[in-house]
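Encoded as C-alpha cells, the structure appears first; notes follow it.
Protein chains: 2
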Amino acid sequence: MTDKEYIDLCIEMAKENVISGNGGPFAAIVIKDGQIVGKGFNLVTTNNDPTAHAEVNAIRNACSNLNTFQLNGCEIYCSCEPCPMCFGAIFWARPDKVYFAADKAEASRYGFDDSFIYGQITASIEERTIPFEHIISKKLFEPFELWKQKTNKIDY
Amino acid sequence: MTDKEYIDLCIEMAKENVISGNGGPFAAIVIKDGQIVGKGFNLVTTNNDPTAHAEVNAIRNACSNLNTFQLNGCEIYCSCEPCPMCFGAIFWARPDKVYFAADKAEASRYGFDDSFIYGQITASIEERTIPFEHIISKKLFEPFELWKQKTNKIDY
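This is the structure we're talking about:
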C-alpha cells in the first residue's frame with residue numbers, strides 16, 4: 330500500500346469511529362515492514378480516559394503486539410496531526426516517520442483546537458491556564474540517585 | 330496532608346518504583362477533596378508501553394476510579410515536572426492545579442532530558458529529528474463532517 334492508501338485507511342477508520350459512537354473523529358495505524366502492527370481509535374469518552382487518543386492507542390497496541398516499548402523501524406499514519414500529548418508519545422516511542430492527513434488548522438475549523446495546548450506548552454508557568462507550582466523538597470533527588478546507582482536497570 | 334507532604338509521598342513512591350524494578354524514578358498522585366483518587370508509577374519497560382509515564386498512569390487511574398474523563402476539582406502531584414506528553418495529558422484531563430518536585434533542569438542532570446522533546450515541539454517540521462509529512466487526501470474532512478453532523482455525540 331502507498332502512503333496515501335494508508336492515510337485513507339486512517340480516515341476511513343476515523344469515520345467508522347464516529348459512526349459507531351465510540352469516540353471522536355480520529356484514527357491511527359502503525360506500519361512495520363508493510364504490515365499493520367497497531368491500530369488506534371479515539372476512545373476518550375468510551376474508556377473514560379483523556380489519554381486515549383488515536384495515536385496513543387495505536388502506539389500502545391503496536392508495542393503490545395511487538396512486545397517492545399520502542400517503535401524503531403515503524404511508521405505511524407494518523408488521520409490528523411498529533412496533539413502535543415500524542416507528539417510527546419511519538420517521541421518516546423521513536424518511530425522512523427509520521428504521516429498525517431488533516432493539519433492543526435484544518436482540525437481547528439471543527440472545534441478541535443490543539444493549538445491551545447501547543448500555546449500552553451511554550452507559555453511560562455505564570456501564563457498557564459492550569460497553575461503549575463514547583464514545590465521544593467530536600468528529598469527530590471533521592472529517586473534519581475537510586476536510579477543512578479541501580480545496576481540492573483532497563484534504560485528507556 | 331499539606332502540598333509538601335503529598336509531594337514527599339510522590340517522591341517516596343518514585344523511590345519504591347526504582348527499588349522494585351518496575352520502572353523509572355517517577356510517581357504521581359491525584360487528589361480530590363483531600364483523598365488520593367489516583368496513583369501512577371512509571372511502567373514503560375514493565376508494561377512495554379512508552380506512554381506509561383507516572384502522570385499518564387495517575388490520570389488514567391483517577392479517571393477509572395472516578396468514572397469520568399475529566400479531572401476538574403482534582404489536583405495532581407508529581408515527583409518531577411511533566412514531560413510534553415504528560416503536559417498534554419494534563420491539559421486534556423483538566424485538573425485544577427499541578428504540583429511537581431524536580432524540575433526539567435534537575436531531571437536532566439540524571440539523563441532524563443525531556444527538554445529535547447520540548448524543543449522538538451516548537452521546531453518546524455523540517456527541523457524535527459523524526460520526519461513528519463502532511464499527506465493531502467480529498468477525504469480528510471470526512472471524519473470531521475460526520476462528527477459535526479452527529480447529534481448524539483459526547484463532547485470531550
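The listed protein sequences correspond, in order, to chains A and B.
If you count by my numbering, then the first sequence holds residues 330 to 485, one letter each, in order.
If you count by my numbering, then the second sequence holds residues 330 to 485, one letter each, in order.
Think of the CB as a built atom: it goes at the ideal place given N, C-alpha and C, for glycine as much as any other residue.
Check                                                                                                                       : Outcome
Residue range of the alpha helix (DSSP H) that includes S444 (chain B)                                                      : S444 to T451
Under 7 Å by beta carbon: chain E residues contacting Q449 (chain A)                                                        : In summary, chain E is missing from the structure at hand, where the protein chains are A and B.
Environment of G440 (chain B) [buried if 16+ CB atoms lie within 10 Å]                                                      : exposed
Euclidean distance between Cα positions of K361 (chain A) and Y447 (chain A)                                                : 29 Å
Test item: CB-CB of I388 (chain B) and I464 (chain A) under 8 Å                                                             : no
Listed by chain order, chain B residues near A430 (chain A) by CB distance under 7 Å                                        : I464, S466 and L469
Enclosing beta strand (DSSP E) for G369 (chain A) [first to last residue]                                                   : Q364 to F370
Where the beta strand (DSSP E) through K344 (chain A) begins and ends                                                       : Premise fails: K344 (chain A) lies in the alpha helix (DSSP H), D332 to S349, not in any beta strand (DSSP E).
Coil, strand or helix - C392 (chain B) by DSSP                                                                              : helix
Chain A residues whose Cβ lies nearer than 9 Å to that of E435 (chain B)                                                    : L469, F470 and F473
is_contact[I358 (chain A), chain B] using C-beta, thresh 8 Å                                                                : no
9 Å Cβ cut-off: residues of chain B touching D332 (chain A)                                                                 : E462 and I464
Pairwise C-alpha distance: N371 (chain B) and T331 (chain B)                                                                : 24 Å
Status (buried if at least 16 other CB within 10 Å, exposed otherwise) for T380 (chain B)                                   : buried
DSSP-derived helix/strand/coil call for A383 (chain A)                                                                      : helix
Through-space distance from C415 (chain A) to A383 (chain A), alpha-carbon basis                                            : 8 Å
I450 (chain B) versus I348 (chain B) - alpha carbon distance                                                                : 33 Å
CA nearest to the CA of R457 (chain B), picked from A:S444, A:R423 and A:F473                                               : A:R423
F398 (chain A) in three-state terms, based on DSSP                                                                          : coil
Identity of the residue in B:T480, B:D425 and B:N351 nearest Q487 (chain B) by Cα                                           : This structure leaves residue 487 (chain B) out entirely; chain B is present only between 330 and 485.
Nonlocal neighbours in the same chain, by C-beta distance under 6 Å from I355 (chain A), ignoring five residues either side : The identity of residue 355 (chain A) in the sequence shown is Phe, whereas the question assumes Ile. These residues qualify, in order along the chain: A343, N371, A383, S408 and C409.
Beta-carbon spacing of V427 (chain A), I459 (chain B) below 8 Å                                                             : yes
Beta-carbon proximity list for S437 (chain A), same chain, < 8 Å, skipping 5 on both sides                                  : D443 and S444
Top-ranked residue by Cα proximity to W476 (chain A), from B:E345, B:E334 and B:C339                                        : B:E345
Beta-carbon proximity check, L469 (chain B) vs E435 (chain A), cutoff 8 Å                                                   : yes
Integer-rounded CB distance, given that N351 (chain B) should sit under 8 Å from T375 (chain B)                             : 5 Å
Nearest candidate by alpha-carbon position, reference E471 (chain A), set B:N377, B:I365, B:I405 and B:A430                 : B:A430
G417 (chain B) burial status per 10 Å Cβ neighbour count (16 or more: buried)                                               : buried
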